[in-house]
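*Asks:*
Protein chains: 2
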Amino acid sequence: MNAATPRAPAVRPEAASLGTRERIVRTTSRLMQRQGYEATGIKQISQQANVALSSVYHFFPSGKQELATEAVRHADQEFADIMREALATEADPAEAMIAVTQVLAEYLHNSDWLDGCPITATALETAGRILDIQRAAAEAFEHWRALVAEKLRHTDIAEDDILDLAHTVINTLEGAELAAQVSKSAEPLEIAGRHLARLINSYR
Amino acid sequence: MNAATPRAPAVRPEAASLGTRERIVRTTSRLMQRQGYEATGIKQISQQANVALSSVYHFFPSGKQELATEAVRHADQEFADIMREALATEADPAEAMIAVTQVLAEYLHNSDWLDGCPITATALETAGRILDIQRAAAEAFEHWRALVAEKLRHTDIAEDDILDLAHTVINTLEGAELAAQVSKSAEPLEIAGRHLARLINSYR
DNA sequence: GTCTATACCCCGATAGAC
DNA sequence: GTCTATCGGGGTATAGAC
């Protein structure tokens, strides 16, 4: 017999003020952030979102994969907003990296180390198996990279170097969030922020 | 109706020469690497491993979580062997980073971009929900960091800096593998190798 | 230790009234 | 668009013979 798996801090039910479709997508996005794709059930979604099961299928007739793809796109935008805002708090791009890691660490800590990157778990579970979701995840990473590259263009670093740096900034943030989550510690993110700033400064 | 999800390159059935228990653990590890924890079923494991379902429960009486925890520990050792070997191919620690990324890129490419880090998907799916697995994953990351730190001690970088660098090396590799898998391209890993070498060299 | 058979549950998805 | 009810299948886990 399995031990009961404790449910950590409740995902807050989405306010009924939002449209039904919006509530479904947001709830799915949150659940997939914490549990991944496979562990997130349509029934669980409909309950958390305060929506009838049939409504989920009304808005997403072809089912779970279609809904999950949309949820990844939603998470893409949401995480981009967080990054954009954090990047804007510091004029200097190297300093801005530290600001980003601080914001991500806050989200993690405030959620008891549950709310990391909203799409990583889903992306890995579905890589090579559910192509629509994989494509949406790839587009999200591209999107976030573009935000970093844009910030780096406020320096005189060569364009080729900027594009490479944008890759490593996002990838290092991803890895550091993973490590922070698993170890329940902000330290990997703090170190990542300092190292990314140092790496960027080494190009100018 | 769901579209049929294509099954990519078959996981090769484990040779019957291994002991039953070993075959079960290895097969579980491989499947979790590609699909994560939730999508990997005990029946699927028993079939791929050429083992009776009851044998799985004979060796792992408390079920899937116990088996998955053991599989993560196995993957820990296996990935450590790969890293150790790759690190040993170059005397210079900075150059060794590039060697590691090349090896990881080969594994990914040869598996049609399926075989990335063997524990990341599982770690994220179970973070905060299945504590035994989370702990095993945390130990694996520590283990791999220790290998990198050991390599970096062949320089005269200060010990504190070495420990920080080991964090970022592993985390950047993790993020780059994720990106490589999702985008089906070795580029994120190649860039990561160059940047990690540069970062290390900036400390000496 | 491995065999066959099965209990029990929850999954995704659907039907049809309203 | 939302309701209730349900189908078919696959999940984990178990029983008991051998």
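First to last, the protein sequences are chains C and H. Just so you know, the first sequence maps onto residues 1 to 204 in this note's numbering. Just so you know, the second sequence maps onto residues 1001 to 1204 in this note's numbering. C-beta atoms are modelled at their ideal positions from N, C-alpha and C, and glycine is treated no differently. Quantities reported herein were computed from a predicted structural model and do not represent experimental measurements.
When the Cα atoms are used, what is the spatial distance from C:S202 to C:N110?
*Replies:* 33 Å
*Asks:* Can you pull the chain H residues whose beta carbon is under 9 Å from the beta carbon of C:V56, in chain order?
*Replies:* Chain H residues near C:V56: none, gap ~15 Å exceeds 9 Å.
*Asks:* Between H:V1051 and chain C, is the shortest Cβ-Cβ distance under 8 Å, so that the two count as touching?
*Replies:* no
*Asks:* Quick check on DSSP: helix, strand or coil for H:N1201?
*Replies:* The answer is helix: DSSP assigns H:N1201 an H, G or I state.
*Asks:* Go ahead and pull the three-state DSSP assignment for H:A1091.
*Replies:* coil
*Asks:* Using the C-alpha atoms, what's the distance from H:E1150 back to H:F1141?
*Replies:* 14 Å
*Asks:* Cβ closer than 8 Å: which chain H residues qualify as neighbours of C:H195?
*Replies:* D1164, L1165, T1168 and L1199
*Asks:* From the DSSP output, in three-state form, read off C:L18 for me.
*Replies:* Three-state DSSP puts C:L18 in coil, outside helix and strand.
*Asks:* With 16 other CB atoms within 10 Å as the buried threshold, where does H:A1197 fall?
*Replies:* buried
*Asks:* Give the interface partners of H:F1141 over in chain C, defined as CB-CB distance under 8 Å, in chain order.
*Replies:* A179, V182 and S183
*Asks:* Inspect the CB distances between the segment 171-185 of chain C and the segment 1166-1180 of chain H and report whether three or more fall short of 8 Å.
*Replies:* yes
*Asks:* Give a yes or no on whether the minimum CB-CB distance between H:P1188 and chain C is below 8 Å.
*Replies:* yes
*Asks:* Can you tell me whether H:T1168 is helix, strand or coil according to DSSP?
*Replies:* helix
*Asks:* Buried or exposed, going by whether 16 or more other CB atoms sit within 10 Å of the CB of H:A1068?
*Replies:* buried
*Asks:* So is H:S1202 in contact with chain C if we call contact Cβ pairs under 8 Å?
*Replies:* yes
*Asks:* Does any residue of chain H have a CB that is nearer than 8 Å to the CB of C:N171?
*Replies:* With 8 Å as the cut-off, C:N171 counts as an interface residue toward chain H.
*Asks:* Which of the three DSSP states, helix, strand or coil, is assigned to C:M1?
*Replies:* With a pLDDT of only 35 at C:M1, under 50, the local geometry of the prediction cannot be trusted, and no value is derived from it.
*Asks:* H:T1020 to C:V72, Cα distance in whole Å?
*Replies:* 40 Å
*Asks:* Interface residues of chain H around C:W113 at Cβ under 8 Å?
*Replies:* What C:W113 touches in chain H: A1127 and G1128.
*Asks:* Would DSSP call H:T1155 helix, strand or coil?
*Replies:* coil
*Asks:* Please name the residues in the segment 24-36 of chain C whose beta-carbon is closer than 9 Å to at least one beta-carbon of chain H, in chain order.
*Replies:* R34, Q35 and G36
*Asks:* Quick one, are the C-beta atoms of C:L147 and C:L104 less than 8 Å apart?
*Replies:* no
*Asks:* Quick one: which chain C residues come within Cβ less than 7 Å of H:Q1134?
*Replies:* V182
*Asks:* Reducing DSSP to helix, strand and coil, say where H:I1191 ends up.
*Replies:* In the structure shown, H:I1191 sits in a helix (DSSP, three-state: H, G or I).
*Asks:* Could you tell me which chain H residues have their CB closer than 7 Å to the CB of C:I191, listed as they occur along the chain?
*Replies:* D1164, H1167 and T1168
*Asks:* Could you check whether the Cβ of H:L1124 sits closer than 8 Å to any Cβ belonging to chain C?
*Replies:* yes
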